[in-house]
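Heads up: the protein sequence lines correspond to chains A and B, in order.
Each residue of the first sequence is one higher than the last, beginning at 528 in my numbering.
Each residue of the second sequence is one higher than the last, beginning at 528 in my numbering.
I have placed the structure first, in the form of structure tokens, so that the comments after it can refer back to it.
2 protein chains.
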Amino acid sequence: MAAIIDGKAIAAGIRARLRDDITRSGITPGLGIVLVGDDPASRVYVARKRAACAEVGIHAEVIERSADIALDELLADIRTLNEREDIHGIIVQRPLPHHLDALTVTSAIAPEKDVDGLHPENVGLLLIGQPRFIPATPKGIRELLLRSGNDPAGRHVVILGRGPLVGKPLAALLMQRGPGGGATVTVCHTGTRDLATITRTADVLIAAIGKPRFVTAAMVRPGTVVIDVGINRIADPAAPTGTRLVGDVDFEAVAKVAAAITPVPGGVGPMTVAMLLENVVEAAQERR
Amino acid sequence: MAAIIDGKAIAAGIRARLRDDITRSGITPGLGIVLVGDDPASRVYVARKRAACAEVGIHAEVIERSADIALDELLADIRTLNEREDIHGIIVQRPLPHHLDALTVTSAIAPEKDVDGLHPENVGLLLIGQPRFIPATPKGIRELLLRSGNDPAGRHVVILGRGPLVGKPLAALLMQRGPGGGATVTVCHTGTRDLATITRTADVLIAAIGKPRFVTAAMVRPGTVVIDVGINRIADPAAPTGTRLVGDVDFEAVAKVAAAITPVPGGVGPMTVAMLLENVVEAAQERR
């Protein structure tokens, strides 16, 4: 039976350290969160980030805009945040309504305040190996691997998914030279042939595809470390709400063959929030 | 016996097309080449680029500076090129002397003139999947694969090397959605364990590590397409100069098992130059 990598507990420890760091520094880091429209999941995520900010002593300010906001107005909001001295980090909650080009919006954020690490310049610095801000989910996954005794160096890491928030930046991060890097990295996706053959060569298997319980036990070689990035809501007649959250991995079955595994919820999710907070604190320290 | 992928012939065809494009457009594209110090290999490469520019009708201007140039002076040279209307592309030949930080120098180039695609913003746009300029060597490799009937889509591409000029941008390029992408990509490097086991899973094996004849026949599964990016000068008593160029692949032995292979010289090298020219032409068209 696999060891459970307890992201919730690890994230709590990181938040406690950040709270101490902030108290000691005497500076209140500020995070501007732009929320466009009323996607229910986005509201939940923003509320969670806000609560986590409050817990550690970051001033979080949510700027809510309606789904039909014009691009220019949104860019003006970002410019205002760029100029504010008390705001050290800026994030724009995704997904954005279709009429707002995500790249244009992200590119408007001052790179030194782009704590999501999604501005093209910051994405480039990550691939070059001299990151300014590492995107929160990849950073959280690296932290989970290191803290659970699974240093990626020299291991074969197979990533399922080539998305802009996880798959691609994670591949860049884990293949780098230096501490926390050094993995041999394979990126698989919808176009991959013989997927199970490849996943069975993994020392570390990371699923970030958004397909509920896609990774089965047959795809995992005994002894593999499995990181589940997926957060999918599925119908569950037995649950009080009629639904429940599952990952991209069939947890019950895979836990029987894996050496270690992250649960959903309580694995990568809390780490993503903790790493965002860490990036905001780093941004505030950098400014000073 | 492997088919030989003739980069020299393919590159000649591309140069002919570019020459026609330039004649038809009535605009002379301009390339500024900054050459610092007197590294003999750099001089050879710059001379080759200059000759190729002349052939297709690009105005190339080489700015030579001594190896002890101060960073500020070099940055001033780049700023001057950034502002010139007749210069559409700028490259700084690498390697630079150690006192000049490559990232600082590259970041000074206006992103819309950065035809090497090495500015962090352009590196980021490549990883995001919306490239402005694709670095010449990865672009040339993709072209070689497509033109030799080896579309990377759905294939397992194993890249040896995680350098900033080839390995990392090539991985980003070949894993993208859309034409010329769609590969399952594995990046191997000095820290990779059981290298031969991984290389033998490749449909396409690309060597970019700078180690003469490192890839042996035992590392290649029959039927693999092999792309050799290495250019290494080794001693050869039988040669008139006492040396000769070899790639990262043991060509004679690997050609017996591979389905197709690029020679050195005459494979990737000419394509790199042709793709640089193409980027300069694109930069000039973009400006108009």
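Glycine included, every Cβ here is placed at the ideal spot set by N, Cα and C.
Asked: Quick check on DSSP: helix, strand or coil for threonine 555 (chain A)?; Found: coil
Asked: Going by the DSSP bridge assignment, what does histidine 586 (chain A) pair with across the sheet?; Found: A:Gly557
Asked: Does the distance from the CB of glutamate 582 (chain A) to the CB of glycine 559 (chain A) come in under 7 Å?; Found: no
Asked: Could you tell me the alpha carbon to alpha carbon distance between valine 800 (chain B) and proline 624 (chain B), rounded to whole angstroms?; Found: 23 Å
Asked: Runs of 4 residues minimum, wholly inside the segment 774-801 of chain B: which ones carry the alpha helix (DSSP H) assignment?; Found: 778-781
Asked: Does isoleucine 655 (chain A) get closer than 7 Å to chain B when you measure Cβ to Cβ?; Found: yes
Asked: How many angstroms separate the CA atom of isoleucine 532 (chain B) from the CA atom of phenylalanine 778 (chain B)?; Found: 12 Å
Asked: Taking the straight line between their C-alpha atoms, what separation do you get for lysine 490 (chain A) and alanine 637 (chain A)?; Found: Nothing can be reported for residue 490 (chain A): it is not among the residues displayed for chain A, which extend from 528 to 815.
Asked: Find the residues of chain B that neighbour glycine 709 (chain A), judging by a C-beta separation of less than 7 Å, and give them in chain order.; Found: Gly718
Asked: Would you mind reading off the limits of the alpha helix (DSSP H) that contains alanine 765 (chain A)?; Found: Segment: none, alanine 765 (chain A) is in no alpha helix (DSSP H) and carries neither H nor E.
Asked: Tell me whether arginine 760 (chain B) is buried or exposed, calling it buried when 16 or more other Cβ atoms sit within 10 Å of its Cβ.; Found: exposed
Asked: For the segment 563-580 of chain A and the segment 616-634 of chain A, state whether three or more C-beta atom pairs, one from each stretch, are separated by less than 8 Å.; Found: yes
Asked: Just curious, the beta strand (DSSP E) that glycine 616 (chain B) is in, first and last residue?; Found: 616-619
Asked: Kindly confirm or deny that the segment 642-657 of chain B and the segment 711-722 of chain B touch, where touching means at least three C-beta pairs closer than 8 Å.; Found: no
Asked: Output, in chain order, the set of chain B residues within a Cβ distance shorter than 9 Å of isoleucine 691 (chain A).; Found: In the sequence as displayed, the identity of residue 691 (chain A) is proline instead of isoleucine. Chain B residues near proline 691 (chain A): Leu654, Ile655, Gly656.
Asked: By alpha-carbon positions, which one of B:Pro691, B:Ile686, B:Leu692, B:Leu701 ends up nearest to alanine 680 (chain B)?; Found: B:Leu701
Asked: Verify the CB distance criterion: does cysteine 580 (chain A) have a CB-CB separation below 7 Å to chain B?; Found: no
Asked: Can you tell me where the alpha helix (DSSP H) holding leucine 701 (chain A) begins and where it ends?; Found: 694-702
Asked: Hey, aspartate 628 (chain A) and histidine 683 (chain A) are a contact pair by Cβ (cut 8 Å); roughly how many whole angstroms apart?; Found: That belief does not hold up - the Cβ atoms of aspartate 628 (chain A) and histidine 683 (chain A) are roughly 36 Å apart, past 8 Å.
Asked: For a contact meaning CB atoms closer than 8 Å, what does glutamate 648 (chain A) contact in chain B?; Found: Pro647, Glu648, Gly651
Asked: Check whether the Cβ atoms of glycine 774 (chain A) and glycine 796 (chain A) lie closer than 7 Å to each other.; Found: no
Asked: Work out the CA separation of arginine 740 (chain A) and alanine 762 (chain A) for me, nearest whole Å.; Found: 13 Å
Asked: Please report the distance separating the alpha-carbon of histidine 626 (chain B) from that of arginine 704 (chain A).; Found: 22 Å
Asked: Which residue spans inside the segment 624-670 of chain A form an unbroken alpha helix (DSSP H) run of at least 4?; Found: 629-635, 647-655
Asked: Report the CB separation of alanine 780 (chain B) from threonine 743 (chain B) in whole angstroms; it is logged as a contact under 8 Å.; Found: 6 Å
Asked: For a minimum of 3 consecutive residues, which ranges assigned as the beta strand (DSSP E) are wholly contained in the segment 702-748 of chain B?; Found: 711-715, 731-734
Asked: Looking at threonine 789 (chain B): is its Cβ nearer than 7 Å to the Cβ of isoleucine 754 (chain B)?; Found: yes
Asked: Identify the contact partners of leucine 630 (chain B) in chain A, using a Cβ-Cβ distance below 9 Å as the criterion.; Found: Leu652, Ile655, Gln657
Asked: Using a Cβ-Cβ distance cut-off of 7 Å, determine whether glycine 676 (chain A) contacts chain B.; Found: no
Asked: Counting only Cβ pairs nearer than 9 Å, list the residues of chain A close to aspartate 725 (chain B).; Found: The question names aspartate, but residue 725 (chain B) is isoleucine in the sequence shown. Under the 9 Å cutoff, chain A gives His683, Thr711, Thr713, Thr728.
Asked: So valine 735 (chain A) and glycine 688 (chain A) are supposed to be a Cβ contact under 8 Å. How far apart are they, rounded?; Found: Correcting the residue type first, residue 735 (chain A) is alanine in the shown sequence and not valine. Correct: roughly 4 Å between the Cβ atoms.
Asked: Going by other Cβ atoms of all chains shown within 10 Å of its Cβ, with 16 needed for buried, is glycine 468 (chain A) buried or exposed?; Found: Nothing in the structure corresponds to residue 468 (chain A), since chain A is present only between 528 and 815.
Asked: Among B:Thr550, B:Thr633, B:Leu804, B:Glu813, which one has its Cα closest to the Cα of alanine 603 (chain B)?; Found: B:Thr633
Asked: Determine the chain A residues that contact alanine 637 (chain B) at a beta-carbon separation under 8 Å, and present them in chain order.; Found: Within chain A, no residue comes near alanine 637 (chain B); the closest Cβ sits about 14 Å away, beyond 8 Å.
Asked: For a contact defined as C-beta to C-beta under 7 Å, what are the partners of arginine 746 (chain B) on chain A?; Found: The amino acid at residue 746 (chain B) is misidentified as arginine; the sequence shows methionine. Going along chain A, no residue has its Cβ under 7 Å from methionine 746 (chain B), so there is no contact; the nearest lies around 14 Å.
Asked: Identify, in the order they occur along the chain, each residue of the same chain with its Cβ nearer than 6 Å to the Cβ of glycine 750 (chain A), setting aside the five sequence neighbours on each side.; Found: Ala786
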